[in-house]
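Positions in the sequence shown are counted from 1; adding 80 to them yields this note's numbering.
Heads up, the beta-carbon is just placed ideally off N, CA and C, and yes, glycines get one too.
Bear in mind the structure is a predicted one, so any value in this text is a computation, not a measurement.
Below is one structure; the comments refer to it alone.
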Amino acid sequence: MDTDMLSSPLRNVISREVSNAISTSQQDLLNSINGIMDSKLTNLQTTLQESQQEISQTQMAKMEETLTDNYTFQRKGNENQFKYGVKVLTKLKEAKSSLEVHDLTRATVQNAKSRISEGIDIVQERQKLIKLADSSQLGWKVVNEYVANPIAEDSEDERKMLRAQSRAERKSKAEKTRKTSNPDKFLMPGMQIKMIPSSLESVSIVEKGGTGQIIVLIENKR
Numbered sequence: 081m082d083t084d085m086l087s088s089p090l091r092n093v094i095s096r097e098v099s100n101a102i103s104t105s106q107q108d109l110l111n112s113i114n115g116i117m118d119s120k121l122t123n124l125q126t127t128l129q130e131s132q133q134e135i136s137q138t139q140m141a142k143m144e145e146t147l148t149d150n151y152t153f154q155r156k157g158n159e160n161q162f163k164y165g166v167k168v169l170t171k172l173k174e175a176k177s178s179l180e181v182h183d184l185t186r187a188t189v190q191n192a193k194s195r196i197s198e199g200i201d202i203v204q205e206r207q208k209l210i211k212l213a214d215s216s217q218l219g220w221k222v223v224n225e226y227v228a229n230p231i232a233e234d235s236e237d238e239r240k241m242l243r244a245q246s247r248a249e250r251k252s253k254a255e256k257t258r259k260t261s262n263p264d265k266f267l268m269p270g271m272q273i274k275m276i277p278s279s280l281e282s283v284s285i286v287e288k289g290g291t292g293q294i295i296v297l298i299e300n301k302r
């Protein structure tokens, strides 16, 4: 259609409609861009919060380890038990920290669940070790062998326990043999052993200062 044939009022109406359409399109585009930017900023904020939580959790775990390292335990069993408690406590604190954010997201909830699951795994592993120690006459010696020799496949766990039991038994027998072969370890302070050669027997005379002599037969010579 030839625009020259249009009346001036009609041309004005068409011009306004075109301008309005362009303006509306531009506004829609701007709104769309704003929406995308808001979404990106929200995701970035969530990521930063989660990263900050991870940093805080790591720092907290290191503080717990530092407190443990600074204390010298008198008994190894108490130290191991304390360390397991620290591990569980750290996981629970991490889960608690994840749930304390202002705006909970699916990611933060999942993170808390993961920490709780890890804490449960630690407790279950400890319970298994306690059962293993209780079921063996060698107690925690078997556990020490079990923990010191990790394997990759869980299906071999039972065989791993049996091997740990066998190693602990061998070490226990070797320790008993070593103590038996060194009688000096059984002497009281101030006592000593003297070997007197004899055609019939080898004897040990144990002397205690000021109290006389005690004769102990060690080996017959035939």
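Going straight from the alpha carbon of residue i to that of residue j, what length do you get?
| i | j | result |
| --- | --- | --- |
| Asn100 | Leu110 | 15 Å |
| Asn224 | Leu124 | 46 Å |
| Arg96 | Ser119 | 34 Å |
| Ala232 | Ser215 | Confidence at Ala232 is low in this model, with a pLDDT of 41, below 50, so its placement is unreliable and no value can be given for it. |
| Pro89 | Val98 | 14 Å |
| Ser197 | Asp108 | 47 Å |
| Arg243 | Asp201 | 23 Å |
| Arg155 | Gly219 | 15 Å |
| Val166 | Ser112 | 50 Å |
| Arg239 | Gln204 | 19 Å |
| Arg195 | Val168 | 9 Å |
| Gly157 | Ile210 | 11 Å |
Near residue i, which residues of its chain fall below 7 Å by C-beta distance, leaving aside the five closest residues on each side in sequence?
| i | result |
| --- | --- |
| Arg206 | Tyr164 |
| Leu212 | Val222, Val223, Tyr226 and Met241 |
Can you give me the Cβ contacts of residue i inside the same chain, cut-off strictly under 8 Å, excluding the 5 residues immediately before and after it?
| i | result |
| --- | --- |
| Phe153 | Glu159 and Phe162 |
| Lys221 | Ala248, Lys251 and Ser252 |
Helix, strand or coil, according to DSSP, for residue i in the structure here?
| i | result |
| --- | --- |
| Arg239 | helix |
| Gly199 | helix |
| Gln217 | coil |
| Tyr226 | helix |
List the whole-angstrom C-beta distance separating residue i from residue j, where the pair is believed to meet the contact cut-off of C-beta under 8 Å.
| i | j | result |
| --- | --- | --- |
| Val181 | Thr188 | 6 Å |
| Leu172 | Gly199 | 6 Å |
* Complete runs of the alpha helix (DSSP H) confined to the region 153-193 [at least 4 residues] -> Those alpha helix (DSSP H) runs which fall completely within the region 153-193 and span 4+ residues are 156-178.
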